[in-house]
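In the numbering used here, the protein residues as written are 24 to 249. The C-beta atom is built at its ideal place from N, Cα and C for all residues, glycine as well. Notes to accompany the following structure.
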Amino acid sequence: MTRGLFITGTDTGVGKTRVGTLLIRELVGRDLRICVRKPVESGCMRHGNALVPADAFALRAAAGNREALDRVCAFPLEAPVSPARAAALAGQTLDLEQLIAACRQDVGAEDFLVVEGAGGFLSPLTRDALNADLARQLDLPVLLVTADRLGAVHQVLVAAEAIARRGLILAAVVLNQVDPALDARLDNAAELAHWLGRTIIALPSQAGTGALPQLAALAEKLARNR
Ligand SMILES: Nc1ncnc2c1ncn2[C@@H]1O[C@H](COP(=O)(O)OP(=O)(O)OP(=O)(O)O)[C@@H](O)[C@H]1O
Ligand SMILES: [Mg+2]
24 MTRGLFITGT
34 DTGVGKTRVG
44 TLLIRELVGR
54 DLRICVRKPV
64 ESGCMRHGNA
74 LVPADAFALR
84 AAAGNREALD
94 RVCAFPLEAP
104 VSPARAAALA
114 GQTLDLEQLI
124 AACRQDVGAE
134 DFLVVEGAGG
144 FLSPLTRDAL
154 NADLARQLDL
164 PVLLVTADRL
174 GAVHQVLVAA
184 EAIARRGLIL
194 AAVVLNQVDP
204 ALDARLDNAA
214 ELAHWLGRTI
224 IALPSQAGTG
234 ALPQLAALAE
244 KLARNR
């Protein structure tokens, strides 16, 4: 069984890559060989003939640029729509087996694999699979990221049910303050802690230094589970 983490979210744009890069930086230096994968990324910028996957680029940089970008992201796609749709628009057929193979390529038994999905936990990745299916097949603990805004409690509880239903471990929930002008009367961290019965990692806007001790503690826990 591979050790690692599947980073998912309640939606697109909630901060999966931001949280992923911060956590990877905490994992680096803990005597782990880290392999990062964003197996399929849509919305890539075109530079000549090449498509540049920005998430894969950021995750790879956080891990120390050890692996080639096309190993991190095997399937970069141009259209800024779901990967399944972007692949269809590019005339490509993508299936779950290809993504599993891309995630496992060059990952040794002792390596720590960090995978970022695309969109939310139940968003389609290919014509035959959701993010949930890839997480299930890789059998990785799940890190769930949500944007701190009204409605987050519902979105996290729904996603947490979907994760549990597949028998996957919910490693942590990160409440990410994407909007710096968040209404101070909201207290999603407390609401989520109440309904989920567990501590939430609250990541402040911009600097994010406030939550780094909690991310460091999570990294330490993940690194120790070997
Ligand atoms: N805490 C934050 N403070 C300020 N900006 C943030 C914060 N979190 C995320 N952002 C910004 O919000 C945008 C979306 O974040 P990010 O790319 O990490 O989301 P994502 O869930 O990985 O998105 P995708 O579904 O496209 O992979 C980015 O421009 C990012 O810089
Ligand atoms: Mg991302």
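In its own chain, which residues sit with a C-beta less than 6 Å from the C-beta of residue i, not counting the 5 before and 5 after it?
i      : result
ARG127 : none
ILE192 : PRO164
ARG56  : ASP134
ASN154 : THR31, GLY140, PHE144, SER146 and LEU148
For residue i, collect the residues of the same chain with a Cβ closer than 8 Å to its Cβ; drop the 5 residues on either side in sequence, then sort them by chain order.
i     : result
THR35 : ALA141, GLY142, GLY143 and SER146
Just to confirm, is the Cβ distance from residue i to residue j under 9 Å?
i      : j      : result
THR44  : VAL165 : no
ASP134 : CYS58  : yes
LEU209 : ARG172 : yes
LEU148 : ARG26  : no
VAL138 : ALA111 : no
ALA152 : ASP118 : yes
LEU219 : VAL197 : no
VAL14  : ARG69  : Past the boundaries of the shown model lies residue 14; the chain is included only from 24 to 249, so the question cannot be answered.
LEU241 : ALA175 : no
ASN199 : VAL37  : yes
ALA113 : ALA102 : yes
Using only alpha-carbon positions, find the residue among the options that is nearest to residue i.
i      : options                        : result
VAL42  : GLY66, ARG56, ALA110 and LEU82 : LEU82
LEU245 : ILE47, GLY38, THR33 and THR40  : ILE47
LEU92  : ALA73, LEU180 and LEU117       : ALA73
LEU226 : ASN88, HIS70 and VAL201        : VAL201
LEU238 : GLY190, VAL168 and HIS177      : VAL168
HIS177 : HIS217, GLY190 and ARG53       : HIS217
Pop quiz: residue i and residue j are said to be a contact at Cβ under 8 Å. What is the actual Cβ separation, rounded to whole angstroms?
i      : j      : result
SER65  : LEU100 : 4 Å
LEU215 : ILE223 : 5 Å
ALA86  : VAL130 : Going by Cβ atoms, the distance from ALA86 to VAL130 rounds to 12 Å, so no, they are not a contact pair.
ALA182 : THR33  : 5 Å
Excluding the five sequence neighbours on either side, which residues of its own chain have a C-beta within less than 7 Å of the C-beta of residue i, listed in chain order?
i      : result
GLU184 : none
PRO236 : none
SER105 : SER65, GLY142, SER146 and PRO147
Just the Cα atoms here: how many angstroms apart are residue i and residue j?
i      : j      : result
ALA212 : ARG188 : 23 Å
ALA124 : GLY71  : 27 Å
LYS61  : ALA204 : 30 Å
CYS53  : GLU243 : A small correction: the amino acid at residue 53 is Arg; Cys does not occupy that position in the sequence shown. Answer to the nearest angstrom: the Cα atoms are 8 Å apart.
ASN248 : GLN115 : 38 Å
ILE186 : ALA132 : 24 Å
ASP156 : GLY190 : 12 Å
ALA107 : CYS67  : 14 Å
GLN229 : GLN160 : 34 Å
Quiz prompt | Lining residues of ligand 3 - beta-carbon closer than 6 Å to any non-hydrogen atom, in sequence order | solution = No copy of ligand 3 appears in this structure; the ligands present are ligand 1 and ligand 2.
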